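In my numbering, the protein residues as written are 446 to 510.
Spelled out as structure tokens, the structure:
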């Protein structure tokens with residue numbers, strides 16, 4: 446799952462040069478991975494890019510970076 450999520454983020458930010466307002470992930474794990482990938486690139490969550498998931502859980506509910 447990490448590699449797939451990493452590839453999707455790379456497509457958006459590196460290939461297409463798009464900085465979206467929000468990224469919607471299917472699972473909590475994918476949302477968490479997106480969060481970690483964006484943080485490693487210097488983005489602030491949710492100030493620069495918000496992340497939401499179809500699943501509900503505590504891990505990402507109040508995430509800020």
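Ideal Cβ placement from N, Cα and C applies to all residues, glycine included. Note that the structure is a prediction, hence the values are computed from the model and not measured.
Distance between residue j and residue i (C-alpha atoms, nearest Å)
i, j, result
"residue 475", "residue 453", "11 Å"
"residue 446", "residue 490", "21 Å"
"residue 448", "residue 466", "22 Å"
Residue i burial status per 10 Å Cβ neighbour count (16 or more: buried)
i, result
"residue 483", "buried"
"residue 498", "buried"
"residue 469", "exposed"
"residue 496", "buried"
"residue 463", "exposed"
Proximity test, residue i beta-carbon vs the ligand GDP heavy atom, cut-off 7 Å
i, result
"residue 474", "The ligand GDP is not part of the structure shown, which contains no ligands of any sort."
DSSP state of residue i mapped onto helix, strand, coil
i, result
"residue 467", "strand"
"residue 494", "coil"
"residue 482", "helix"
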